[in-house]
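Taken in sequence, the protein lines are chains A and B. Numbering that gives the first Met the number 0 numbers the first residue of the first sequence as 0 and each following residue consecutively. Numbering that gives the first Met the number 0 numbers the first residue of the second sequence as 0 and each following residue consecutively. Note that CB positions come from ideal geometry on N, CA and C, so glycine has one too. Because the structure is a prediction, the values reported are computed rather than measured. See structure below.
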Amino acid sequence: MNAKSGPESTRGQKNTKSVPLSKEIQNHIGSRLRAVYGQLVQEPIPERFSELLKQLNTETPNAPEADPSSSEEPRT
Amino acid sequence: MTTTNRDTTLEADIVAAIPHLRAFATSLCGNRERADDLVQETILKAWDNRSSFAVGTNLKAWLFTILRNTYFSERRKRKREVEDAEDKISSRVAVHGEQQGHMDLHDFRQALEQLSEDQREALILVGAEGFSYEEVAEICGCAVGTVKSRVNRARTRLADLLGVGSVSEFGPEPVSDGVISNRRGSDVM
């Protein structure tokens, strides 16, 4: 138990015995999570990505085993 | 000869994964532009290494692994350069959806921000992206049991923060225990 962290975690310790949450609560959390995250997923994709994909295609028209020596930028 | 075919399929799969990569990257770094840089880098790396990707295995999980590794190795570098101060402030700027949404979701978003990084990540990958515990263990480079306990702790903490883990279900709060033991303590004194 981390007794010395803020008042918030005192509240948080209520369930530290890890009593399983009811199905209802799990569903509640799950649906909120998907709603919040879903907003991020649904955002329009910026132009730069279609540009990027075009670039990938033209750079390596049919390079099968892309030889590592010729990669555009050295990255670590 | 099938290489071109393979590339085409691969590309289509990458395209399909982009919205998910962006969402995950945003939830990792809390900053949209950095998230897009991360996704771009992920795609470039994946493309460069596509010959090492085993067709028929899970491309999305592979991409998520690359993205996550890229994020953490960059952050390590950055930390060394900038020292923690700035990072602490800027890394978790809350990212809100365009729609400010219901109050409900606003609260949820804030609660999510308060989870530890490990817990939030595990919860998102399992609960929102729909990866299996095994896949998440692969992506995060940890044991399956660790993923499970992170997800459980994340849920419990969220329920707590949101005040939905009703007290009556779990018996009296420990506060009353504290009072009792305090009394005992003072009796002894």
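Original post:
To the nearest angstrom, how far is it from the Cα of residue 31/A to the Cα of residue 150/B?
Top reply: 15 angstroms
**OP:** Examine the Cβ distances between the stretch 102–115 of chain B and the stretch 74–81 of chain B and report whether three or more of them are shorter than 8 angstroms.
**Re:** Output reads no: the stretch 74–81 of chain B does not touch the stretch 102–115 of chain B.
Original post:
Taking Cβ positions only, does residue 142/B come closer than 8 angstroms to chain A?
Top reply: No, its Cβ sits nowhere closer than 8 angstroms to a Cβ of chain A.
Subject >> residue 24/A - containing alpha helix (DSSP H), residue span >> reply: 22–40 is the extent of the alpha helix (DSSP H) around residue 24/A.
**OP:** Go to residue 42/B, then tell me how far its alpha helix (DSSP H) extends in each direction, as first and last residue.
**Re:** 31–47
Original post:
In three-state DSSP terms, what is residue 15/B?
Top reply: helix
**OP:** May I ask which residues mark the beginning and end of the alpha helix (DSSP H) holding residue 155/B?
**Re:** DSSP places residue 155/B in the uninterrupted alpha helix (DSSP H) bounded by 143–161.
Subject >> Segments assigned alpha helix (DSSP H), at least 4 residues, entirely inside the stretch 110–140 of chain B >> reply: 116–122, 132–139
Original post:
Buried or exposed: residue 135/B, going by 16 or more other Cβ atoms within 10 Å of its Cβ?
Top reply: buried
Original post:
Using a C-beta to C-beta distance shorter than 7 angstroms, which residues of chain A count as neighbours of residue 46/B?
Top reply: For residue 46/B, the chain A residues whose Cβ falls inside 7 angstroms of its Cβ are 55, in order along the chain.
Original post:
Are there 16 or more other CB atoms within 10 angstroms of the CB of residue 28/A, so buried, or fewer, so exposed?
Top reply: buried
Original post:
Taking Cβ positions, are residue 40/B and residue 69/B nearer each other than 8 angstroms?
Top reply: yes
**OP:** Taking all protein chains shown into account, decide if residue 38/B is buried (16 or more other Cβ within 10 angstroms of its Cβ) or exposed.
**Re:** So residue 38/B ends up on the buried side.
Original post:
Going by Cα to Cα distance, which pick from 155/B, 115/B, 71/B, 48/B is closest to residue 140/B?
Top reply: 71/B
Original post:
Near residue 64/B, which residues of its chain fall below 6 angstroms by C-beta distance, leaving aside the five closest residues on each side in sequence?
Top reply: 138
Original post:
Taking the alpha-carbon positions, what's the residue 55/B to residue 25/A distance?
Top reply: 33 angstroms
Original post:
Are the Cβ atoms of residue 121/B and residue 143/B separated by less than 8 angstroms?
Top reply: no
**OP:** Give the residues of chain A in contact with residue 104/B, contact being defined as C-beta atoms less than 9 angstroms apart.
**Re:** 31, 34, 35, 38
Subject >> Whole-angstrom distance between residue 44/A and residue 42/B, CA atom to CA atom >> reply: 14 angstroms
Original post:
Can you tell which of 28/B, 32/B, 5/B, 60/B has the C-alpha that lies nearest to the C-alpha of residue 116/B?
Top reply: Residue 116/B has its Cα closest to that of 28/B, out of 28/B, 32/B, 5/B, 60/B.
Original post:
Leaving out five residues before and five after residue 59/B in sequence, what residues of the same chain have Cβ atoms less than 6 angstroms from its Cβ?
Top reply: 16
**OP:** Thinking residue 13/B and residue 45/B are a contact (beta carbons under 8 angstroms), I'd like their distance in whole angstroms, please.
**Re:** Their Cβ separation, rounded to whole angstroms, is 7 angstroms, which keeps residue 13/B and residue 45/B in contact under 8 angstroms.
Original post:
Any C-beta of chain A sitting closer than 8 angstroms to the C-beta of residue 10/B?
Top reply: yes
**OP:** Alpha carbon to alpha carbon, how far is residue 30/B from residue 33/A? Give it in angstroms, no decimals.
**Re:** 19 angstroms
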